[in-house]
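The opening residue of the sequence shown carries number -13 in the numbering used here; numbering runs sequentially from there.
Read through the structure below, which is laid out as structure tokens, and then see the notes.
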Amino acid sequence: MLSNKVSTNTCDKFARRGGDCKRAFSPNTPRDVRVAAAGYDAAQSGTSNDSLDGFEVGRRQALAALVTVPAILQANAALAVQGLTAGRIPGVSSTADADGFYRYTRPEGKSGGHGVGWSEMPRYTFKVRPGWEETPVSIADLGGTEIDLRFACPEEGSLQVVVAPVLRFADVGYNADVRITDLNKPENIISGFAPELFGRPLDDEDVLEQRVLEKEGVPYYEWQVKPHNLVSATAVGNRVFILNITPRSSRTFAKTGESLRRMQESFYVPADYKKLT
């Protein structure tokens, strides 16, 4: 914060006159020096009517600001309730199910700031093991603006949810409701997203398992990719949704692979955007 005082040496340099520090500065004079000198001059004018008038205006502005701040805070709180809040909002259930899993459901108030905010977002959901926590998403991430969510557990690994426009694969309308089987075969979908999901292209032998299934009439593709990535993908509306789980190590996968598979299999995107599981 800039001070409104100028040192004696500075004022001498700027030709103090009658206690004031005034000078017609050159365009090259630093802005902070000019602002500080102007503040010093205003403070020294003391008893002039103009100065008193200015003080009165400043006092009224300060009082108005004190009244305005609570109103702004209340407005921001209202926006949060109405679902316009940007950033991370907790979406994990407060209690675990009978098997010890928690459930993440995309919060209704979460913004779509990572390249996916141009239409209503289905509230996808999946199970998470104890110890998994949501972590920040950056547009500098490997998946760029299409990464909507990240979770991690120091002992077990990490996961990400990629949300990509269907227009990446097909020329469809704004209100399209596309299924993943309409877009391409499983092997082509996983190959197309490999650089974002795994940081490299895939060879045929990299896909260890692949299957097609349905959940409430909506088709899903699932894969296991070398070394132990577990991936689930579907399409609803005009977006493709992909869950990618990366175990920390082969030893981790040997120990927790069954639980990580349950997380993979629990991934669900409601075709009815208002529906929750």
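Positions of the beta carbon are idealized from the N, C-alpha and C atoms, including for glycine.
These figures come from a predicted structure and were not determined experimentally.
Got a sec: is the Cβ-Cβ distance from residue i to anything in chain C below 9 Å?
{"i": "proline 108", "result": "Judged by its chain identifiers, the structure shown contains no chain C, having just a single protein chain."}
Between residue i and residue j, how many whole angstroms is the CB-CB distance? I'm expecting something under 8 Å.
{"i": "proline 108", "j": "valine 222", "result": "5 Å"}
{"i": "leucine 135", "j": "valine 152", "result": "In fact, because the Cβ distance is near 19 Å, the residues do not count as touching under 8 Å."}
{"i": "phenylalanine 184", "j": "asparagine 170", "result": "Wrong, their Cβ atoms sit about 18 Å apart, outside the cutoff."}
{"i": "valine 149", "j": "phenylalanine 239", "result": "Wrong, their Cβ atoms sit about 26 Å apart, outside the cutoff."}
{"i": "glutamate 200", "j": "tyrosine 207", "result": "Not a contact, Cβ separation roughly 11 Å."}
{"i": "tyrosine 254", "j": "tyrosine 110", "result": "7 Å"}
{"i": "serine 177", "j": "leucine 194", "result": "No, serine 177 and leucine 194 are not in contact; Cβ-Cβ is about 14 Å, not under 8 Å."}
{"i": "aspartate 192", "j": "lysine 212", "result": "5 Å"}
Sort the options by Cα distance to residue i and report the nearest one.
{"i": "glutamate 119", "options": "Pro213, Ile228, Ala219, Ala138", "result": "Ala138"}
{"i": "threonine 121", "options": "Lys113, Tyr110, Ile133", "result": "Ile133"}
{"i": "serine 79", "options": "Leu194, Ile176, Arg115, Tyr207", "result": "Arg115"}
{"i": "arginine 165", "options": "Val198, Gln210, Phe112, Asp190", "result": "Val198"}
{"i": "asparagine 224", "options": "Glu200, Asp192, Gly159", "result": "Gly159"}
{"i": "phenylalanine 179", "options": "Asn230, Phe87, Asp157", "result": "Asn230"}
{"i": "tyrosine 88", "options": "Ser124, Ser245, Asp258", "result": "Ser245"}
{"i": "glycine 243", "options": "Gln210, Asp258, Pro256, Asn161", "result": "Gln210"}
{"i": "arginine 92", "options": "Ser124, Thr131, Leu188, Lys113", "result": "Lys113"}
{"i": "alanine 82", "options": "Glu173, Asp163, Gly117", "result": "Gly117"}
{"i": "proline 76", "options": "Asp85, Lys96, Ala162, Ala84", "result": "Lys96"}
{"i": "glutamine 196", "options": "Asn174, Glu182, Arg186, Glu202", "result": "Asn174"}
{"i": "glutamate 94", "options": "Asn161, Glu106, Asp85", "result": "Glu106"}
Taking the DSSP output, what are the residues bridged to residue i?
{"i": "arginine 136", "result": "Thr121, Gln146"}
{"i": "valine 198", "result": "Tyr207"}
{"i": "alanine 219", "result": "Tyr207, Ile228"}
{"i": "threonine 91", "result": "Thr111"}
{"i": "valine 264", "result": "No answer is possible for residue 264: the residues shown for the chain start at -13 and end at 263."}
{"i": "proline 76", "result": "Beta-bridge pairing links proline 76 to no other residue."}
Report the three-state DSSP secondary structure of residue i (helix, strand or coil).
{"i": "phenylalanine 112", "result": "strand"}
{"i": "alanine 240", "result": "helix"}
{"i": "threonine 81", "result": "coil"}
{"i": "valine 67", "result": "Only weak support exists for where valine 67 lies, its pLDDT of 35 falling under 50; the value from the coordinates is given anyway. Helix at valine 67."}
{"i": "proline 187", "result": "coil"}
{"i": "serine -11", "result": "At serine -11, the pLDDT of 42 sits below 50, so the modelled position is not reliable; the number obtained from the coordinates is stated separately. Coil, per DSSP."}
{"i": "proline 256", "result": "coil"}
{"i": "proline 181", "result": "helix"}
{"i": "proline 172", "result": "helix"}
request  = Decide yes or no for the touch test of the segment 138 to 151 against the segment 231 to 246: beta carbon pairs closer than 8 Å, at least 3 of them.
outcome  = yes
query = Is it true that the segment 209 to 225 meets the segment 238 to 252, where meeting means three or more beta-carbon pairs spaced less than 8 Å apart?
reply = yes
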